Amino acid sequence: MAFDPLIEPLIELRDVNKHYGDLHVLQGINLTVSRGEVVVVIGPSGSGKSTLCRAINRLESIESGAIHLEGRPLPEEGRALAELRAEVGMVFQSFNLFAHKTVLQNVSLAQIKVRRRKREDADRRSRELLERVGLAAHADKYPAQLSGGQQQRVAIARALAMEPTALLFDEPTSALDPEMINEVLEVMRQLAREGMTMVVVTHEMGFARSAANRVIFMADGRIVEDRPPEEFFTDPRSERAKDFLSKILKH
Amino acid sequence: MNVLTDNFSVYGEGFLGTVELTFFASLLALALGFVMASFRVAPVGSLRVIGTVWVTVLRNTPLTLLFFAVLLGLPRFGLVLPFNVFAVLALGCYTSAFICEALRSGINTVPRGQGEAARSLGMTFSQTLSNVVLPQAFRTVIPPIGSTLIALAKNSAIAGAFSVTELLGTYKTLGELGYDVIWTFVWIAVGYLIITLAISAVFNVLERKWGVPR
Chain A
2 MAFDPLIEPL IELRDVNKHY GDLHVLQGIN LTVSRGEVVV VIGPSGSGKS
52 TLCRAINRLE SIESGAIHLE GRPLPEEGRA LAELRAEVGM VFQSFNLFAH
102 KTVLQNVSLA QIKVRRRKRE DADRRSRELL ERVGLAAHAD KYPAQLSGGQ
152 QQRVAIARAL AMEPTALLFD EPTSALDPEM INEVLEVMRQ LAREGMTMVV
202 VTHEMGFARS AANRVIFMAD GRIVEDRPPE EFFTDPRSER AKDFLSKILK
252 H
Chain B
1050 MNVLTDNFSV YGEGFLGTVE LTFFASLLAL ALGFVMASFR VAPVGSLRVI
1100 GTVWVTVLRN TPLTLLFFAV LLGLPRFGLV LPFNVFAVLA LGCYTSAFIC
1150 EALRSGINTV PRGQGEAARS LGMTFSQTLS NVVLPQAFRT VIPPIGSTLI
1200 ALAKNSAIAG AFSVTELLGT YKTLGELGYD VIWTFVWIAV GYLIITLAIS
1250 AVFNVLERKW GVPR
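Going down the list, the protein sequences come from chains A and B.
With my numbering as the guide, the letters of the first sequence map in order to residues 2 to 252.
With my numbering as the guide, the letters of the second sequence map in order to residues 1050 to 1263.
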């Protein structure tokens, strides 16, 4: 049966479990993300939120349960998995730009190797995307010559170059100096407004309030709350969430 | 002193023999080492086992023993080749284990996240390795690979004991002709120096061109 975006969710996790040794890091996770939704995942460190994010494109394997993307189960390995990963962009805490390539080459590489675009076409599209994240002037620099915020915006452009159906953000601003956080969040807000499906693991509560459709609160490997941001921030139901919010919102 | 001028053709033949052994064994070692290093970091378990066994066996076998195994062993399985080809096989396989480990240490210097980023963009394992990981690993492994190939050049002397024409073996001929032992060996040493310094020079150029600025 063909994928019907009106019926089936874009991302679906069913009863997903994973251990790191004795630590049960994902405990029976159920989560659905519809097309165009922005889901922000928050929670104390060690709650499993990064692992959840990385499991969605199988950078982390899972032990039981099922993950479906556009109605198809996530392949185990090999070419099928690679093809699927091309559909789901990922932005990392530590940017992970290719250090030996220029900004332009970073954005063009996978377009050429995976999407089989001609170099000129790929570079043209890369320059458009760099323009969009405000870095067109830096196309020929190497990552080490850019600030953290600029590197992260390049990483976002690199993920967008694959024309993904969804984007995963694993603490995209956690490694940034405070004055650079906003330039990255602004790019993310713009993507959210344009209707990009996003799963964002973050500690930026302002972003969660302003851009998210849903807030997922995780603690000890479980999803404790899954609610609209305004409800969650003004009236958290669980003790864990109340405790967490009181610690981070006080100052 | 006139041992060199009197026997220039003997020295020349030996020198060329060592150069040939070193050159072809280096090519074999680099190619095999590259393949084995890829195996050792592959996501497929059986490939990793092959790579690990290859390195463990060859790195822990004395080279002389390996020469015996190749020169006496392979003909028993019907594989009869000229002795110098056997010597290239033994030297190349032996050195490939060290090249493999040098490459692997280089691969480990490339931050894990870059490999993850490449995979998250939909690149396959071999695309990730050849476009992202190895070009960066290559820069850090230039010095250790240079040392390994210099060791290979000197190890090639063992082939002389198996009637392959090479530089060290010339001392037997010259000794029988009654030349002074000291000068015979001085010129042999000069021959090895020419080869090893040439390898150093090549790797210095490579390092200047590709090495990581620190």
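By construction, the Cβ of each residue, glycine as well, lies at the ideal position given by its N, Cα and C atoms.
Here the structure is a predicted model, which is why all the values come from computation and not from measurement.
Under the three-state reduction of DSSP, which class applies to residue i: helix, strand or coil?
i, result
"A:VAL42", "strand"
"A:PHE218", "strand"
"A:MET2", "Any reading at A:MET2 needs caution, since the residue's pLDDT is 46, under 50, leaving its predicted position unreliable; the model's value is listed next. The answer is coil: DSSP assigns A:MET2 none of H, G, I, E or B."
"A:ALA193", "helix"
"A:ILE63", "coil"
"A:GLU226", "strand"
"B:ASN1253", "helix"
"B:LEU1242", "helix"
"A:ASP23", "coil"
"A:THR33", "strand"
"A:GLU13", "strand"
So with Cβ pairs under 8 Å, would you call residue i a contact of chain B?
i, result
"A:LYS114", "yes"
"A:ARG238", "no"
"A:SER109", "no"
"A:SER95", "yes"
"A:PHE170", "no"
"A:ARG86", "yes"
"A:MET197", "no"
"A:LEU1", "Past the edges of chain A, shown from 2 to 252, lies residue 1 of chain A, and the structure says nothing about it."
"A:HIS101", "yes"
"A:MET189", "no"
"A:ALA254", "Nothing about residue 254 of chain A can be reported from this structure: the residues present for chain A run from 2 to 252 only."
"A:GLN152", "no"
"A:ALA193", "no"
"A:ALA83", "yes"
"A:MET91", "yes"
How about residue i: is its C-beta nearer than 8 Å to some C-beta of chain A?
i, result
"B:PRO1124", "no"
"B:PRO1184", "yes"
"B:ASN1157", "no"
Give a yes or no on contact between the stretch 175-194 of chain A and the stretch 84-103 of chain A, applying the rule of three or more CB pairs nearer than 8 Å.
yes
Below 7 Å between beta carbons is the criterion; list the residues of the stretch 64-81 of chain A that meet it against any residue of chain B, in chain order.
GLU78 and ARG80
Give the residues from the stretch 1162-1181 of chain B that approach chain A closer than 7 Å (Cβ to any Cβ), ordered along the chain.
GLY1162, GLN1163, GLU1165, ALA1166, ARG1168, SER1169, LEU1170, GLY1171, MET1172, THR1173, GLN1176, ASN1180 and VAL1181
List in chain order: all unbroken beta strand (DSSP E) runs of 3+ residues lying wholly within the stretch 115-187 of chain A.
167-171
Quick check on the DSSP output: what are the complete alpha helix (DSSP H) runs of length 4 or more inside the stretch 1213-1239 of chain B, in order along the chain?
1219-1225
Scan the stretch 1071-1092 of chain B for residues whose Cβ lies nearer than 9 Å to a Cβ of chain A and list them as they occur along the chain.
PRO1092
Does the stretch 101-115 of chain A come into contact with the stretch 1167-1186 of chain B, if we say contact requires no fewer than three beta-carbon pairs (one atom in each stretch) closer than 8 Å?
yes
Of all the residues that make up the stretch 154-167 of chain A, which are near chain B by a beta-carbon distance shorter than 8 Å?
ALA156, ARG159, ALA160 and MET163
I want to know whether the stretch 223-230 of chain A touches the stretch 28-39 of chain A - three or more CB-CB distances under 8 Å.
yes
Within the stretch 1066-1127 of chain B, note down every full alpha helix (DSSP H) run reaching 4 residues or more, in order along the chain.
1094-1108 and 1112-1117
If contact is defined by three or more beta carbon pairs under 8 Å, each pair taking one atom from either stretch, is the stretch 31-46 of chain A in contact with the stretch 76-85 of chain A?
no
Quick one: complete alpha helix (DSSP H) runs, 4+ long, within the stretch 42-111 of chain A?
50-57 and 79-88
Which full runs of the alpha helix (DSSP H) of 4+ residues lie inside the stretch 1119-1194 of chain B, going along the chain?
1132-1158, 1161-1169 and 1174-1177
Are at least three pairs of beta-carbons, each pair with one atom in the stretch 117-134 of chain A and one in the stretch 149-157 of chain A, less than 8 Å apart?
yes
Using 8 Å as the threshold, is the stretch 1077-1090 of chain B in touch with the stretch 1151-1170 of chain B, meaning 3 or more CB pairs across them?
yes
Is it the case that the stretch 1217-1235 of chain B contacts the stretch 1052-1065 of chain B, given that we only count it when at least three CB pairs across the two stretches are under 8 Å?
yes
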